[in-house]
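Asks:
Number of protein chains: 2
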Amino acid sequence: MHDLTPAQQRVLDFIQAEALASRPNPTLREIATHFGFRSHRAAACHLEAIKRKGFIVSDPRRARSLRVVSPWLKIRRRIADIPIFGSIPAGFAQNREQTTEGCVSVDVESIGFKPTRNTFALRVTGDSMIDRHILHGDIVVLEHGPEPRHGDIVAALIDGESTLKTFFRKSGKPYLKAENPKYPDLIPAQELMIQGVVRALLRRLEK
Amino acid sequence: MHDLTPAQQRVLDFIQAEALASRPNPTLREIATHFGFRSHRAAACHLEAIKRKGFIVSDPRRARSLRVVSPWLKIRRRIADIPIFGSIPAGFAQNREQTTEGCVSVDVESIGFKPTRNTFALRVTGDSMIDRHILHGDIVVLEHGPEPRHGDIVAALIDGESTLKTFFRKSGKPYLKAENPKYPDLIPAQELMIQGVVRALLRRLEK
DNA sequence: CTGTATACTATCCAAATGTATAGTATATGC
DNA sequence: GCATATACTATACATTTGGATAGTATACAG
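Protein chains in written order, with my numbering: chain A, 1 to 207; chain B, 1001 to 1207.
1. Return the residue from the list B/T1163, B/R1052, B/H1133 and B/K1173 that minimises the CA-CA distance to B/R964.
2. Return no unless some Cβ of chain B is closer than 7 Å to the Cβ of A/R52.
3. Would A/V68 and B/L1205 qualify as a contact pair, given that the criterion is a beta-carbon distance under 7 Å?
4. Who does A/G196 pair with in a DSSP beta bridge?
5. Going by the CB atoms, is the gap between B/A1121 and B/V1218 shorter than 7 Å?
6. To be precise: take each residue of the stretch 1016-1044 of chain B, compare its Cβ to all Cβ atoms of chain A, and keep it if any distance is under 9 Å. Which residues remain?
7. Rounding to the nearest angstrom, what Cα-Cα distance links B/I1139 and B/R1061 in this structure?
8. Under the three-state reduction of DSSP, which class applies to A/P6: helix, strand or coil?
9. Which residue marks the beginning of the beta strand (DSSP E) containing B/K1173, and which one marks its end?
10. Going by DSSP in three states, B/F1037 sits in which element: helix, strand or coil?
11. Examine chain B for any beta-carbon lying closer than 7 Å to the beta-carbon of A/V154, and answer yes or no.
12. Among A/R64, A/F85, A/S128 and A/Q9, which residue has its Cα nearest to the Cα of A/G54?
13. Got a sec: is the Cβ-Cβ distance from A/T196 to anything in chain B below 7 Å?
14. Here's the rule I'm using: 16 or more other beta-carbon atoms within 10 Å means buried, otherwise exposed. How should B/A1043 be labelled?
15. Among B/G1036, B/I1031, B/A1200 and B/T1119, which has the Cα closest to the Cα of B/G1112?
16. So, with DSSP's three-state summary, where would you put A/L28?
17. Taking the C-alpha atoms as reference points, what is the distance between A/T116 and A/D81?
18. Determine which residues share a DSSP beta bridge with B/I1082 and list them.
19. Please report how far the alpha carbon of A/I50 lies from the alpha carbon of A/L4, in whole angstroms.
20. Closer than 9 Å by beta-carbon distance: list the chain B residues that pair up with A/G112, in chain order.
21. Give the straight-line distance between the Cα atoms of B/A1021 and B/L1012, rounded to the nearest whole angstrom.
22. Check whether the Cβ of B/H1133 lies closer than 7 Å to any Cβ atom in chain A.
23. Give the interface partners of A/S162 over in chain B, defined as CB-CB distance under 9 Å, in chain order.
24. Below 9 Å on C-beta distance, what does B/L1201 contact in chain A?
25. Can you confirm whether B/V1106, when its beta carbon is compared against all beta carbons of chain A, has any partner nearer than 7 Å?
26. Taking the beta strand (DSSP E) that A/V141 belongs to, which residues open and close that run?
27. In the structure shown, what three-state DSSP assignment does B/L1020 receive?
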């Protein structure tokens, strides 16, 4: 595969930059204007070369139909936006946007499952889950709904706040093992509202 | 804020689906064709309503300039694709695509820094870093280049393989503390090639 | 009953846009 | 020297495209 010339690379960079800025794909004339070409043919010429070398494709006679086919974009999976809640409201209502603190965007493969409407994230506070290697400041991604299994880490609602607990079965009965000294070690799972099962974790180390 | 009608929601869903399939934004006529409208005016009508309700914006007289302004897309940050290496080659050469196993895509804010060309990821093998709460199977994101500071976790190249180590200074001299029993506890940092400093971590829990 | 919003059909227009043709000038390899 | 690729200018043209105008039908609130 041929490499791009510097001029062609600049054009490709511009196209990618526009896409990154979530602007529509540039037209020939927009590209020409950006680089100061007096004729949009120059842009077309560059695009033809970049196309020939396999870096972009476009549909004939279709406005703004440029697509970059970088090897990474092929690998790149669906990006999911998962909302981060400060604390989950009791009812787990539908109006999630209001209580959202922000969101993490990760690709589906990295976290190992496909986020649904019932997927959300929490910022972990306190070191109560340090034995499960979850630290203060970590972001945990949870799934709301499924029945937790023995040993799963779950978020439970206690006094209006979400707390991470370990789910256990003791002689068939479901219990939550609190890692926080403020609460008794074993709590019958029925008495608490389990809000989600931890599926993934995102940590950012101090710089 | 008003809610969308079912028909308007369908149109908005179509626009988002097209974007997700990395196709260019649909035109009025493409929307009309997709829904079987005989007149593209119908699509324009819907778009006007969706615009009025604040879910999309578009530039006047600009082809395919629709943009969805969902509250999450506003929050959504730049997505970075970070390549995952099985093991880092000694020279940290420029041809990274060849050795890439895949990539993680995360937004810049979540990992707390802006990835550069020197950012890469490694899949952790072994439990040697368990005291630093890094587990087997975790993906660590590293930055190549900067001088590590006391206590940083770094990736070092030993026998052609990247191993995570803790960087220490002992009476001014830099050392690496190996967490792997195969290697001596303290290694002078000069003897090893430090390939990167761990900046973030991504874990996926078993389902 | 009346006004308003929705959900369309049908047609027209001007601007935006991709493509084509015709050149000029500069490198690079054979 | 000569073909080939790059890197442009200049202009013309058919389509694509957004937007405007005109009209029909339905549902709903006051």
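Yeah, the Cβ is synthetic: ideal placement off N, Cα and C, and Gly gets one too.
Replies: Looking at the coordinates:
1. The requested residue 964 of chain B is not part of the displayed model; chain B covers only 1001 to 1207.
2. Chain B contact via Cβ: absent.
3. Contact: no.
4. Answer is A/A155.
5. No statement about residue 1218 of chain B is possible, as the shown extent of chain B runs from 1001 to 1207 and does not include it.
6. Considering only beta carbons, the part of the stretch 1016-1044 of chain B lying closer than 9 Å to chain A consists of L1020, S1022, R1023, P1024, N1025 and T1027, in chain order.
7. Taking the straight line joining both Cα atoms gives about 46 Å.
8. Three-state DSSP puts A/P6 in a helix.
9. In the DSSP assignment, B/K1173 falls within the unbroken beta strand (DSSP E) covering K1173 to A1178.
10. B/F1037: coil per DSSP, three-state reduction.
11. Output row for A/V154: interface = no.
12. Measuring from the Cα of A/G54, the nearest candidate turns out to be A/Q9.
13. The amino acid at residue 196 of chain A is misidentified as Thr; the sequence shows Gly. Against chain B, the CB of A/G196 has no partner CB under 7 Å away; the residue lies outside that interface.
14. Counting Cβ neighbours within 10 Å, B/A1043 comes out buried, since at least 16 surround it.
15. Ranking the options by Cα distance to B/G1112, first place goes to B/A1200.
16. A/L28 falls in the helix class under three-state DSSP.
17. So the alpha carbons of these two residues sit roughly 10 Å apart.
18. BP columns for B/I1082 point to B/V1104.
19. One alpha carbon belongs to A/I50, the other to A/L4, and they sit about 7 Å apart.
20. Residues of chain B passing the Cβ test: R1204, L1205, E1206 and K1207.
21. For B/A1021 and B/L1012, the distance between alpha carbons rounds to 14 Å.
22. With 7 Å as the cut-off, B/H1133 counts as an interface residue toward chain A.
23. Neighbours of A/S162 in chain B, taken as residues whose beta carbon is under 9 Å from its own, are absent, since the nearest beta carbon is some 17 Å off.
24. In chain order: D138, L201, L202, R203, R204 and L205.
25. For B/V1106, the answer is yes, since a Cβ of chain A falls inside 7 Å of its Cβ.
26. A/V141 -> beta strand (DSSP E) spans I139 to E143.
27. The three-state secondary structure of B/L1020, taken from DSSP, is helix.
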